[in-house]
Every structure is written in structure tokens, then in C-alpha cells.
Amino acid sequence: MNPRNKVFLVCLAALAVMVIIACSCTDFSFTTGGGDSQEAMPGLAGTWQDPATTDTFVIAWQNGQYVVTSVTYDSTTYEVTEQSWSGSSLTWTYYIPEYDTYLSYETTSLSGDSLYTNWWNSGGASGTETLGRVR
Numbered sequence: 057m058n059p060r061n062k063v064f065l066v067c068l069a070a071l072a073v074m075v076i077i078a079c080s081c082t083d084f085s086f087t088t089g090g091g092d093s094q095e096a097m098p099g100l101a102g103t104w105q106d107p108a109t110t111d112t113f114v115i116a117w118q119n120g121q122y123v124v125t126s127v128t129y130d131s132t133t134y135e136v137t138e139q140s141w142s143g144s145s146l147t148w149t150y151y152i153p154e155y156d157t158y159l160s161y162e163t164t165s166l167s168g169d170s171l172y173t174n175w176w177n178s179g180g181a182s183g184t185e186t187l188g189r190v191r
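Quick note: the sequence shown uses the numbering used here, first residue 57, plus one each step.
In C-alpha cells, the structure reads:
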């Protein structure tokens, strides 16, 4: 066999082996530092607003869980006093000093730009609210 053809066949075989290996790999998380970057509920991370109160919530995906990183109303930032991620629902509570009230939300479902929640406050009121995506 011609040496030139041998080199071509060896290169072609090596390429075929690399393609087969690449196609058989289903998890490339080692290239991004782990699979933890995959959101549990794609789309939940973002900025959301309660249409009734106009409070704005920033939700982020950090270290394998969702967290509320800020709560604001106009230019006022409120302190998030508690929060938890159950694997399917995010719950958070924040304090509104102007009314001496704690307000809590629990996510129930997500559909596009609508985040469905239950809410309750320290005064005993409760209900449901659909938060809208701001960005």
C-alpha cells in the first residue's frame, strides 16, 4: 500500500474513533465544572413582580438551589428573613418595617412569564398571586 494512503487511513480511523467517543458521551459536565449549573426549574431564575404590591423579587440559581437575592419596592430594599428551596418549591419571607409585617411567598408553579404563588402575612391574611416576569 502506498505510504500516503496509509497516513490517510490512519488519520481517518483516528477521526472515526474520536467521533464515536464524542457521540457516546452524554454528560459533558466535566467541561463546565459539574452538573450543578443545571437549573431544577428552568426559567425560575429572574426578576419577578407582584402586580398587587409592585414588590420586585430577584431569584437566582446558586449552588444547586434557588435563592431570593433581593426584594424591593420602589427604591426601598427589604430584608429577606427566611427562605428555603424544597427541590420543587421556593419559599421566602421578608419584613416590611413600615407596616411591622412579615410577608411570605411560596411558589406553586411556573408557566412562561407567570410564576404562581401562595402568600400570607403575619397579620393573618393570605391568598394567591401570579407574579410576572420583569426580565
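C-beta atoms are modelled at their ideal positions from N, C-alpha and C, and glycine is treated no differently.
Reference residue i; option with closest CA among the options
{"i": "Ser-167", "options": "Arg-189, Tyr-161, Leu-146, Thr-103", "result": "Arg-189"}
{"i": "Glu-162", "options": "Tyr-151, Val-123, Pro-107, Trp-175", "result": "Trp-175"}
{"i": "Trp-141", "options": "Trp-117, Ala-108, Tyr-151", "result": "Trp-117"}
{"i": "Glu-95", "options": "Ser-182, Ala-181, Gly-143", "result": "Gly-143"}
{"i": "Ser-178", "options": "Gln-121, Thr-128, Ser-160", "result": "Ser-160"}
{"i": "Pro-107", "options": "Gly-120, Ile-115, Ser-170, Ala-181", "result": "Ser-170"}
{"i": "Met-97", "options": "Asp-111, Gly-180, Val-114, Tyr-122", "result": "Tyr-122"}
{"i": "Asn-119", "options": "Tyr-172, Gly-180, Ile-152, Ala-101", "result": "Ala-101"}
{"i": "Thr-147", "options": "Tyr-172, Pro-153, Asp-130", "result": "Tyr-172"}
{"i": "Glu-138", "options": "Pro-59, Arg-60, Tyr-151", "result": "Tyr-151"}
{"i": "Asp-130", "options": "Gln-105, Ser-182, Arg-60", "result": "Gln-105"}
{"i": "Leu-187", "options": "Val-114, Asn-58, Arg-60", "result": "Val-114"}
Short Cβ contact (9 angstroms threshold) for residue i with residue j
{"i": "Thr-184", "j": "Thr-164", "result": "yes"}
{"i": "Tyr-155", "j": "Thr-149", "result": "no"}
{"i": "Arg-191", "j": "Thr-125", "result": "no"}
{"i": "Thr-128", "j": "Thr-109", "result": "no"}
Paired residues, beta bridge with residue i - DSSP
{"i": "Arg-189", "result": "Trp-104"}
{"i": "Gly-183", "result": "Trp-175"}
{"i": "Ser-167", "result": "Ser-170"}
{"i": "Glu-95", "result": "DSSP, once it has assigned bridges, lists no residue as partnering Glu-95."}
{"i": "Thr-157", "result": "Ile-152"}
{"i": "Ser-140", "result": "Thr-147"}
CB contact check: residue i to chain D, cutoff 9 angstroms
{"i": "Val-190", "result": "The structure shown contains no chain D; it is built from a single protein chain."}
Would you mind listing the beta strand (DSSP E) stretches within the segment 103 to 131 that are 3+ residues and don't spill past its ends, in chain order?
112 to 118, 121 to 129
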